[in-house]
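S.K.:
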Amino acid sequence: MSELILLNKPYGVICQFSDHPLHPTLKSCVPIAGVYPAGRLDTDSEGLLLLTGDGELQHRIADPRWKQPKTYWVQVEGRPREEQLQALRDGVDLGDFITQPAEVRLLPEAPALWERKPPVRFRKTVPDAWLEIIISEGKNRQVRRMTAKVGLPTLRLVRVAIGPWRLDDLQPGMLRSIEVSLADLPRPRHAKPAAPAAAGKPREPAAAKAAASAAPRFRFAKK
């Protein structure tokens, strides 16, 4: 069994442990030596980020060939029309690539989330709505680019699930530790097993480990 850390990454935190001149880093909320992100989440996005010290587990989660579905709640500017939602479902031509088909639905009401700091800037004359978008890719700023392309700019983006792991009641900056067996991970029908990481450890600069061990205390969510 391997340890998997579920973090609710706050808005404005950059997904790295090494110091950054403009943004707080993961060491501000994950002072655990030897764990590294399995995938990334944009600095201006919030929600679920997975971390582990097991290189093979990190690879299985982060490698796009395993196609772990990622679920986002996305606040967009404007009132979505059905043709805009269908365009997201069909795949969007972003110029450098065409996105794979996505699962998209209009949420009937705004989800019960924590208050973002800083708050989202609204235009009083323009309505907004919340979408649930599930993709199996994870290219740079993909969801934001998708919604912008169909005329629905993203105001707020929260990742609530990666594969079988969900954010649930984790608040920003909080962690939950669980044990995971590689044998229990979902095996997509068309995915080919990839070789485990060479050294059995995630790829991260050695300085990150030292930085993480010196970070302040943190809060674990109640199981």
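Sequence positions in the sequence shown follow the UniProt record's numbering and run 1 to 223. Backbone N, C-alpha and C define an ideal beta-carbon position, used for all residues, glycine too.
Do L57 and S2 have their beta-carbon atoms positioned less than 7 Å apart in this structure?
M.R.: The residue you call residue 2 lines up with position 2 of the sequence shown. The residue you call residue 57 lines up with position 57 of the sequence shown. In this structure, L57 lies closer than 7 Å to S2 by Cβ.
S.K.: Please classify R60 as buried or exposed, where buried requires at least 16 neighbouring CB atoms within 10 angstroms.
M.R.: Stepping through the sequence shown from its first residue, residue 60 is reached at position 60. The residue in question, R60, is buried, as its Cβ has 16 or more Cβ neighbours within 10 Å.
S.K.: Would you identify the three-state DSSP class for residue 234, choosing helix, strand or coil?
M.R.: No statement about residue 234 is possible, as the shown extent of the chain runs from 1 to 223 and does not include it.
S.K.: Let's test the definition: count the other Cβ atoms within 10 Å of the Cβ of K117 and tell me whether it reaches 16, buried, or not, exposed.
M.R.: On the sequence shown, residue 117 is found 117 positions in, with the first residue counted as 1. Classification of K117: exposed, given that the 10 Å Cβ count is below 16.
S.K.: Can you have a look at L26 and say buried or exposed, based on whether 16 or more other CB atoms are within 10 angstroms of its CB?
M.R.: The residue given as residue 26 occupies position 26 in the sequence shown. Classification for L26: buried.
S.K.: What residue range does the alpha helix (DSSP H) around I61 cover?
M.R.: Locating residue 61 in the sequence shown gives position 61, counting from the first residue. Where I61 is concerned, the enclosing alpha helix (DSSP H) stretches over G55 to A62.
S.K.: Mind checking which residues open and close the beta strand (DSSP E) that includes R105?
M.R.: Stepping through the sequence shown from its first residue, residue 105 is reached at position 105. Where R105 is concerned, the enclosing beta strand (DSSP E) stretches over E103 to L106.
S.K.: Can you tell which of A161, G47 and R121 has its C-alpha closest to the C-alpha of Q68?
M.R.: Indexing the sequence shown from 1 puts residue 68 at position 68. The residue from A161, G47 and R121 with its alpha-carbon nearest to that of Q68 is A161.
S.K.: Please work out which residues of its chain come closer than 7 Å, Cβ to Cβ, to D90, disregarding the five sequence neighbours upstream and downstream, and give them in chain order.
M.R.: As a position in the sequence shown, residue 90 is number 90, starting the count at 1. Closer than 7 Å at the Cβ level, and outside the excluded window around D90, lie P101.
S.K.: Looking at C-alpha atoms only, which residue of P119, L94, L51 and R81 is the closest neighbour of M174?
M.R.: Within the sequence shown, numbered from 1, the residue matching residue 174 stands at position 174. For M174, the closest C-alpha among the options P119, L94, L51 and R81 is that of L51.
S.K.: Taking 7 Å as the CB-CB cut-off, is L51 touching chain B?
M.R.: Any reference to chain B falls outside this structure, which holds one protein chain only.
S.K.: Can you tell me which of A183, L167, I178 and P186 puts its alpha carbon nearest to the alpha carbon of G53?
M.R.: Counting from one through the sequence shown, the residue named residue 53 turns up at place 53. With distances taken between Cα atoms, G53 lies closest to I178.
S.K.: Can you tell me whether DSSP reads Q75 as helix, strand or coil?
M.R.: Numbered from its first residue, the sequence shown carries residue 75 at position 75. Three-state result, Q75: strand.
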